[in-house]
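*Asks:* One structure follows; several queries about it will come next.
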Amino acid sequence: MWGQLVGPIGTYDLRLPLCRIGRISAKADIVIPKPWISALQCTIELRRTGNNDPTVWLKDMSSNGVYVNGDIVGKSIERQIFDNDEIYFTKPSLHTPNVEPTFFRFHFANQPHSINVTPVKAGKRSVPTPDSKSSSGSAKKLCVASSSSAQRDELVVGTESMLKANQELRQRLFEAGNREIELKEQLQEMLANVQRREHEIDELREEVTKARAKSVEEEHLRLEHEALEAKYKQAEAKCVEIDLGWLKDKELLKQCQEELASALRSTLSLNNVVDVLKSELEDALSKTTAATQKARQLEIDNQKLGHQLDLVHRTSDHEQEHNRGAKEEVLVMKARFASAREAFRHMQECMAALGNQIEVVHDAQVDDDEAEETQCVLTERFSRVDDSDDDKEKEDDECTHAQEVGGKLADTTIAETTTLHVEDQASPPASSMGNDTSSHLVVTESKQRWLQLKKDSPVASVDDCGLFDESQDVRHQA
């Protein structure tokens, strides 16, 4: 034992020059059965320097890491350790309920010094040493002092035989010690060879597992290769089909390109037509807009004209009513004119009879003057009509026709007539019998008037004149 690992879970002796520490006994010399320990956690090796000084080296072989004095070593990295160094197989700062802190403190062991004695060949007697002489002398003295001569001889013989046996035992012990040292060296060499062999076996096992995995992979690759070959054949068949389809598609593509070119040409022509139609549509829209504006303006004008027409209709209705009243007045005047004409004829007859009775002879000119005076027609100052009035009447509207008729009726010439009453004096009273018989002419003024319309009146006629009774005039009754 050249060293120890002292920890809370136990103390482990380091006996082999190369000690392996791990979880599995097949890979480790010192087994620590903890789940967080790797199968091969680390190795601790005792080495000798040129001065034969011992040195200890630790190599990290774990997956979780090995810490020396709180510093991680690193996988497959060697580090020299010294006495009282702390070796952690778990992380020092890790405190997990399921993981127990695993650490050890390294100590060098105190080994005894071996006695270097040269071995003696068998069959030769060894030279007695001074120790043997002194021991034999003391034995003789004891024997002489305590027993008789016979006993002394036996004691000497026994002592000599004991000395020989003791020397033989010492020789054997020395040889056994040398043999033990040789066996230990051989054992260490054998253990080193075993470890080397185990390491080689592990490497061989790993190589075998790798070879097996490689063979399995090769088998998988072979199967995959066969599957790929089958797929390749199928793909080749599909490629042939695809090539045929590609040729067909190429022909179809050419046809489609030709159709597309023709469609593009037709599209261009249609675009031109569409542009023309758009321009025409814009013109039509502008015209439609203008027409709409004109239509709106016409509607507005139509509404205005409708309002004006309604106004004209109302005005014409008013004028028609006024004309109707004027026509009624004209009819009344015609009736009066007819009665006046009859009275005029009757007056002419009476005047003729009166002229016959008074037997007054006048010349034609005087008769005409008297007739004019008798008729008392005062039309001279009423019959003058300016020529400008005719022009103005021609320019008048039909709307003012009723007003013109009323004005013309108001401008009618009125001639006051006088009626001659002849009183026959054929039978005078008795008181006047003595006087000369004579006829008396009495001129009385009647209330009948001679009416004559103006010549420019549209309702005047030759027969529209005569006498009428002033009492028949509705205008004077008011």
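Using UniProt numbering, the letters of the sequence shown correspond one by one to residues 1 to 478.
Ideal placement from N, C-alpha and C gives every residue a C-beta, glycine not left out.
Keep in mind the model is a prediction, meaning the values are calculated, not measured.
#1: Go ahead and pull the three-state DSSP assignment for E258.
#2: Is the Cβ-Cβ distance between Q188 and P17 less than 8 Å?
#3: Look up I4 in the DSSP assignment and give the residues it is bridged to.
#4: How would you call C19, buried or exposed, if buried means at least 16 neighbouring beta carbons within 10 angstroms?
#5: Is P92 close to the ligand NAD? I mean its beta-carbon at under 7 Å from any heavy atom of the ligand.
#6: Helix, strand or coil: how does DSSP classify G177 here?
#7: Can you look up V56 in the DSSP assignment and give me helix, strand or coil?
#8: CB-CB under 7 Å to K124, same chain, minus the five flanking residues each way: which ones, in chain order?
#9: Just how far apart, CA to CA, sit I32 and M61?
#10: Which one or two residues does DSSP pair with R47 in a beta bridge?
#11: Identify, in the order they occur along the chain, each residue of the same chain with its Cβ nearer than 8 Å to the Cβ of I77, setting aside the five sequence neighbours on each side.
#12: Which partner residues does Y67 have in the DSSP bridge list?
#13: Taking buried to mean at least 16 other C-beta atoms within 10 Å of its own C-beta, is G22 buried or exposed?
#14: On the premise that I87 lies in contact with F104, defined as a C-beta separation below 8 Å, what is that separation, rounded to the nearest angstrom?
#15: With E78 as the anchor, note down where its beta strand (DSSP E) starts and where it stops.
#16: Touch check for the segment 64-71 and the segment 44-53: three-plus C-beta pairs under 8 Å?
#17: Taking 8 Å as the threshold (C-beta atoms), are L14 and I37 in contact?
#18: Determine the DSSP secondary structure at I358, reduced to helix, strand or coil.
#19: Which partner residues of G22 appear in the DSSP bridge assignment?
#20: Whose C-beta lies closer than 8 Å to the C-beta of A402 among residues of the same chain, with five residues either side of it excluded?
#21: In the structure shown, what three-state DSSP assignment does T159 receive?
#22: In three-state DSSP terms, what is E280?
#23: Measure the CB-CB distance between T102 and I9 and report whether it falls below 8 Å.
#24: Evaluate Q234 with the Cβ neighbour count: other Cβ atoms within 10 Å of its Cβ, from every protein chain shown; 16 or more gives buried, anything less gives exposed.
#25: Quick one: what's got a C-beta closer than 6 Å to M347's C-beta in the same chain, skipping five residues either side?
#26: Can you tell me the Cα-Cα spacing of R212 and H199, whole angstroms?
#27: Could you compute how far the alpha carbon of Q4 sits from the alpha carbon of S161?
#28: Can M1 and A109 be called in contact, C-beta distance under 8 Å?
#29: How many Å lie between F89 and Y12 at the Cα?
#30: With a threshold of 16 other CB atoms inside 10 Å of the CB of R296, please say whether the residue is buried or exposed.
#31: Are the beta-carbon atoms of H107 and D83 separated by less than 8 Å?
#32: Quick one: grab the DSSP three-state call for T96.
*Replies:* Let me spell this out:
#1: helix
#2: yes
#3: According to the sequence displayed, residue 4 carries Gln and not Ile. Answer is D13 and H107, bridged to Q4.
#4: buried
#5: Absent from the structure shown: the ligand NAD. Ligands present: none.
#6: helix
#7: strand
#8: The pLDDT assigned to K124 is 36, lower than 50, so where the model puts this residue is not dependable, and the model offers no usable value.
#9: 15 Å
#10: T55
#11: K59 and D60
#12: I72 and Y88
#13: buried
#14: 5 Å
#15: E78 to I81
#16: no
#17: no
#18: helix
#19: V31
#20: With a pLDDT of only 43 at A402, under 50, the local geometry of the prediction cannot be trusted, and the value read off the model is given with reservation. Once the five neighbours on either side are set aside, the close Cβ partners of A402 are E319, H322, N323, G325 and A326.
#21: helix
#22: helix
#23: yes
#24: exposed
#25: none
#26: 19 Å
#27: 45 Å
#28: yes
#29: 15 Å
#30: exposed
#31: yes
#32: strand
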